[in-house]
Structure formats: C-alpha cells, structure tokens
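As structure tokens, the structure follows; a few thoughts come after it.
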Amino acid sequence: MNYVPRDSTEHVRALRAASFGARARAYAEHRPDYPTEAVEWGLEPAGMVKRLLDLAAGTGKLAAMLRAFGSVTAVEPDLDMLAQLRESLPDVAALKGTAEKIPLRNRSMDAVGIGQAFHWFDGEAALDDIARVLRPGGVVLLLWNDDDEAYPWVAEFAALMKSGGGRAYPHRLPSHEAFFPFQRDRFPHVQRRTAHSMVETLATHSHVLISSERERAALLRRARQILASRPQTARGEFDRPIVTTALRAVRR
Ligand SMILES: C[S@@+](CC[C@H](N)C(=O)[O-])C[C@H]1O[C@@H](n2cnc3c(N)ncnc32)[C@H](O)[C@@H]1O
Numbered sequence: 000m001n002y003v004p005r006d007s008t009e010h011v012r013a014l015r016a017a018s019f020g021a022r023a024r025a026y027a028e029h030r031p032d033y034p035t036e037a038v039e040w041g042l043e044p045a046g047m048v049k050r051l052l053d054l055a056a057g058t059g060k061l062a063a064m065l066r067a068f069g070s071v072t073a074v075e076p077d078l079d080m081l082a083q084l085r086e087s088l089p090d091v092a093a094l095k096g097t098a099e100k101i102p103l104r105n106r107s108m109d110a111v112g113i114g115q116a117f118h119w120f121d122g123e124a125a126l127d128d129i130a131r132v133l134r135p136g137g138v139v140l141l142l143w144n145d146d147d148e149a150y151p152w153v154a155e156f157a158a159l160m161k162s163g164g165g166r167a168y169p170h171r172l173p174s175h176e177a178f179f180p181f182q183r184d185r186f187p188h189v190q191r192r193t194a195h196s197m198v199e200t201l202a203t204h205s206h207v208l209i210s211s212e213r214e215r216a217a218l219l220r221r222a223r224q225i226l227a228s229r230p231q232t233a234r235g236e237f238d239r240p241i242v243t244t245a246l247r248a249v250r251r
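Numbering-wise (numbering that gives the first Met the number 0), the sequence shown opens with residue 0 and increments by one.
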C-alpha cells in the first residue's frame with residue numbers, strides 16, 4: 000500500500016475506519032472474542048431480549064455470542080468483512096450499513112451490541128440512530144478488548160498495538176438524552192495464543208493496515224523480537240491476558 004500522510008487527521012481516521020476488510024480472514028482468526036460475562040452484564044437491564052443487533056459487526060465475533068440470546072441482525076459497512084461474517088454465520092441476517100444510518104425500522108431491536116468499534120463512529124449521530132432502532136427499555140452495549148498491561152511482556156507488546164493511537168474506549172462516558180446514564184465495568188479474561196498469532200493480530204490493527212510495506216515490516220519484526228525474547232512467549236502456546244471494558248446504557 001502507498002505511504003499515507005500522517006498530518007491530515009480526518010483523512011487518516013477515515014482510511015483506518017475502512018481498512019479492516021483487507022485482512023478480514025486474519026481478523027476472524029486472530030482477534031480476541033469477548034467474555035460471556037461482559038455480554039450478560041450488558042444485556043441484563045433490558046430484561047427479555049429477543050431481537051439483537053451487532054452494529055459494526057465486522058466478521059461477526061460479537062454476533063456469534065449474541066445468538067445465545069435471540070435472533071441476531073448484523074450491520075457492517077465493509078463488504079469484505081460482511082462476506083467473512085456471512086461465511087461463518089449463515090444464520091445471521093447481515094446487512095450493509097453504518098452506525099449513523101442503520102438500515103432497520105424504529106424500535107425494532109431490544110439490544111444493540113458494538114464490539115471494538117464505537118470509536119470509529121460519529122458518536123452523537125450514531126447514538127441518535129441507535130436510540131431510534133431500540134425499543135424503550137432496550138440496551139446499548141459497547142465493548143473493547145485491551146491488553147492487561149499489569150504484565151511487563153504484555154505492556155511491551157501493547158505499546159506496539161497502540162503505536163498508531165491511544166486507547167479506543169472513551170475516558171469520559173458517552174452521554175445522550177435518549178439514554179439513562181452509561182455505566183462501565185471491566186472483565187478480565189485470557190486468549191490462548193502463539194507468537195505467530197500475536198503478530199498476525201497486530202497486522203489486523205488499522206494503523207498497521209494503512210502503513211507502508213516498510214513501516215509494517217519493521218513493526219512486525221519488532222513484535223517478533225519482543226515475543227522471542229520473553230520466556231512467557233518464546234515458544235508454544237501461552238495465555239494473552241486481556242481486560243474487556245464494557246459500557247451499557249438503557250434507552251429511556
Ligand atoms: C475493529 S473492527 C470490529 C469488528 C467487530 N465488531 C468485532 O468485535 O470484531 C471495527 C469495525 O467497524 C466498522 N466500521 C467503521 N466505521 C463504521 C461506521 N461508521 N459504522 C459502522 N461500522 C463501522 C469497520 O468496517 C470494522 O468492521
């Protein structure tokens with residue numbers, strides 16, 4: 000891919016938001032899932048949920064989990080990510096669309112889940128449209144997986160993961176008049192990994208996807224060096240400690 004100038008923030012942001020489809024299969028294989036407890040915590044205030052939306056569904060990681068609760072619709076703008084989702088989850092209704100213009104009827108959903116994606120949206124416009132498709136008493140659940148940096152090797156690797164930007168989840172809770180105040184909780188979990196899959200995961204991050212071949216090769220080389228130099232990750236399988244941050248809010 001060509002060199003992308005780093006000085007036009009909005010241009011780079013838009014490129015990054017649209018970058019994931021280039022490695023949709025690797026994304027599906029290597030990116031972490033979410034802990035069941037986080038999803039249960041998010042859905043709990045809605046009571047009975049039958050109709051669930053995975054918004055910005057990507058390859059369907061969250062959609063796959065939401066199926067345990069009811070019938071799931073997935074909305075995603077990237078056609079390569081959608082194709083991957085349709086292949087692995089043929090029973091999920093998968094629609095092309097964005098968070099700011101969700102292709103669903105008013106009050107047609109009991110819950111909307113968003114995994115690792117709210118930071119790519121126009122937050123205000125997206126909450127307007129999420130409020131529109133939710134029934135009163137329905138919930139919106141925002142999830143982000145982050146490395147648990149209490150472990151030194153994880154912190155070192157996480158610095159590479161985050162080298163294209165800061166943390167994804169908002170430091171201040173979102174707020175919107177159509178929702179009761181957002182609540183936050185955190186859920187530790189682990190993902191069974193190898194050094195190879197950690198490097199493959201890094202290669203699915205948007206700042207790596209939009210970087211030049213040279214930048215990407217240098218970053219991935221550095222990642223391999225870090226993993227090879229640590230006894231925890233030098234060979235075989237190991238646990239990657241992750242903390243999931245979950246934000247939930249109820250539709251008024
Ligand atoms: C990091 S991926 C997360 C995918 C999936 N939710 C998951 O948990 O693995 C971010 C996704 O957000 C999508 N996306 C970016 N901008 C969007 C927007 N404005 N509306 C809806 N989806 C968007 C991307 O195409 C991509 O699939």
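C-beta atoms are modelled at their ideal positions from N, C-alpha and C, and glycine is treated no differently.
Reduced DSSP category for residue i - H, G, I as helix; E, B as strand; rest coil
| i | result |
| --- | --- |
| residue 122 | helix |
| residue 4 | In this prediction, residue 4 scores a pLDDT of 46, lower than 50, which makes its location untrustworthy; the coordinate-derived value is nonetheless stated afterwards. DSSP places residue 4 in coil when its eight states are reduced to three. |
| residue 108 | strand |
| residue 181 | coil |
| residue 155 | helix |
| residue 170 | coil |
| residue 74 | strand |
| residue 243 | strand |
| residue 231 | coil |
| residue 130 | helix |
| residue 88 | coil |
| residue 190 | strand |
| residue 48 | coil |
| residue 248 | strand |
| residue 141 | strand |
| residue 113 | strand |
C-beta contact flag for residue i and residue j at 7 Å
| i | j | result |
| --- | --- | --- |
| residue 51 | residue 13 | no |
| residue 134 | residue 105 | no |
| residue 248 | residue 91 | no |
| residue 178 | residue 246 | no |
| residue 256 | residue 34 | As shown, the chain starts at 0 and ends at 251. That puts residue 256 outside it, with no answer to give. |
| residue 150 | residue 244 | no |
| residue 163 | residue 250 | no |
| residue 48 | residue 19 | no |
| residue 159 | residue 217 | no |
Assigned exposure category for residue i - 16 Cβ within 10 Å defines buried
| i | result |
| --- | --- |
| residue 205 | buried |
| residue 22 | buried |
| residue 235 | exposed |
| residue 224 | exposed |
| residue 60 | buried |
| residue 176 | exposed |
| residue 29 | buried |
| residue 192 | buried |
| residue 84 | buried |
| residue 183 | exposed |
| residue 8 | exposed |
| residue 154 | exposed |
Own chain, CB closer than 6 Å to residue i, minus 5 neighbours either side, in chain order
| i | result |
| --- | --- |
| residue 54 | 74, 98, 111 and 113 |
| residue 145 | 242 |
| residue 16 | 119 |
| residue 188 | 34 and 241 |
Close-in-space but distant-in-sequence residues of the same chain around residue i (CB under 7 Å, 5 per side omitted)
| i | result |
| --- | --- |
| residue 81 | 75, 93 and 95 |
| residue 231 | 152 and 237 |
| residue 121 | 99 |
Same chain, Cβ closer than 8 Å to residue i, five either side skipped, listed in chain order
| i | result |
| --- | --- |
| residue 101 | 52, 54, 74, 128, 129, 131 and 132 |
| residue 233 | 194, 226 and 227 |
| residue 202 | 22, 25, 208, 215 and 219 |
| residue 1 | Model confidence at residue 1 stands at a pLDDT of 40, short of 50, so the residue's coordinates are unreliable and nothing is read from them. |
| residue 77 | 17, 19, 20, 23 and 57 |
| residue 268 | This structure does not reach residue 268, given that the chain is present from 0 up to 251, and the question cannot be answered. |
Closer than 6 Å: residue i CB and nearest ligand 2 heavy atom
| i | result |
| --- | --- |
| residue 117 | Looking for ligand 2 in the displayed structure turns up nothing; the ligands present are ligand 1. |
**Request:** Mind listing, in chain order, the continuous alpha helix (DSSP H) runs of no fewer than 4 residues lying wholly within the stretch 10-43?
**Result:** 23-29 and 35-42
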